[in-house]
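**Q** In our numbering, the protein residues as written are -17 to 216. The beta-carbon is built from N, C-alpha and C at its ideal position, and this holds for glycine as well.
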Amino acid sequence: MTRKRSRKAGSPHAPEILARLEVLYPDAHCELDHADAYQLLCATILSAQCTDARVNLVTPALFARYPDAPSLADAKQEDVEEIIRPTGFFRNKARSLIGMAQVVVERHGGSIPRTMEALRQLPGVGRKTANVILGNAFGINEGVTVDTHVGRLSRRLGLTRHDDPEKVEQDLMQQFPRDRWTLLSHLLIFHGRRICIARTPRCGECVLADICPSAFTFVKPAPVRGRSRRSNQS
-17 MTRKRSRKAG
-7 SPHAPEILAR
3 LEVLYPDAHC
13 ELDHADAYQL
23 LCATILSAQC
33 TDARVNLVTP
43 ALFARYPDAP
53 SLADAKQEDV
63 EEIIRPTGFF
73 RNKARSLIGM
83 AQVVVERHGG
93 SIPRTMEALR
103 QLPGVGRKTA
113 NVILGNAFGI
123 NEGVTVDTHV
133 GRLSRRLGLT
143 RHDDPEKVEQ
153 DLMQQFPRDR
163 WTLLSHLLIF
173 HGRRICIART
183 PRCGECVLAD
193 ICPSAFTFVK
203 PAPVRGRSRR
213 SNQS
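Here it is, written out as structure tokens:
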């Protein structure tokens, strides 16, 4: 008895998806404000469970107080916590920021490293964060940054069947050219924030609707007609 081989994950429309999104978002970019790799790394650590917009409100004060890794490495935990409090999980993030800076100073002379291996050895830095830094600060396409938007759109567009970010990343890397990996993430994030939103995607306005297997499958539930307040209180 021969074993039936599973269908390879992916979409035959991958090249068209990329082409259309590039036309739609010619200015797609990282929306975390930064001037260098150090600032981008700090901002990316802060962006966990927080919007880019809120992070951008916090980082100017952080960078004014701690303009580089050496100054942040010497920071007091409570001082950093006070600055980054609005981003949430501020105690853990403060520990990660200070720990990251200390390792950068001790092992890399105060400069943010340029390899996936070295970046992932820094406190608070996983593969997703490392991809952000490599792609946007150094122009190195080591992988595809998979956040909630990229994961959601990849599944809706039939580019992957996986939920695990690293498996999603592997599927995307197989379908798109390496020199577009960083850009691909920005394109999907832009589209996910503007059109293909989580609960009520705007399929009627989407340039990918005709090649998206999930188009128009998200029906907004009708409001439930409940009893009046008076009857509920009776």
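#1: I'd like the list of long-range same chain contacts for A92, defined as Cβ closer than 8 angstroms, with 5 residues on each side in sequence excluded.
#2: Roughly how many angstroms lie between the CA atoms of L44 and S78, to the nearest whole one?
#3: Roughly how far, in whole angstroms, is the beta-carbon of V189 from the beta-carbon of L154, given that I think they are within contact range, below 8 angstroms?
#4: If you draw a straight line from the C-alpha of A180 to the C-alpha of R134, how long is it?
#5: Could you give the DSSP three-state label for H173: helix, strand or coil?
#6: Suppose contacts are defined by Cβ-Cβ distances below 8 angstroms. Is Q59 in contact with I27 by that definition?
#7: Looking at the secondary structure, which residues open and close the alpha helix (DSSP H) in which D145 lies?
#8: Can you check whether the CB of L165 is closer than 8 angstroms to the CB of A10?
#9: What is the DSSP secondary structure of N38, counted as helix, strand or coil?
#10: For A55 and A1, what's the separation of their Cα atoms in angstroms?
#11: What residues in its chain sit with their C-beta under 6 angstroms from that of F200, if we drop five residues either side in the sequence?
**A** Inspection of the coordinates gives the following:
#1: In the sequence as displayed, the identity of residue 92 is Gly instead of Ala. Excluding its 5 nearest sequence neighbours in each direction, G92 has C-beta neighbours in its own chain below 8 angstroms: D50, A51, P52, V86, listed in chain order.
#2: Cα to Cα, L44 sits roughly 14 angstroms from S78.
#3: With a Cβ gap of about 19 angstroms, V189 and L154 do not count as contacting.
#4: When rounded, the distance between both Cα atoms is 8 angstroms.
#5: Helix at H173.
#6: Taking 8 angstroms as the Cβ cut-off, Q59 and I27 do not qualify as a contacting pair.
#7: Looking at the DSSP string, D145 is not in any alpha helix (DSSP H), and its letter there is neither H nor E.
#8: Taking 8 angstroms as the Cβ cut-off, A10 and L165 qualify as a contacting pair.
#9: N38 falls in the helix class under three-state DSSP.
#10: Cα to Cα, A55 sits roughly 43 angstroms from A1.
#11: P183, listed in sequence order.
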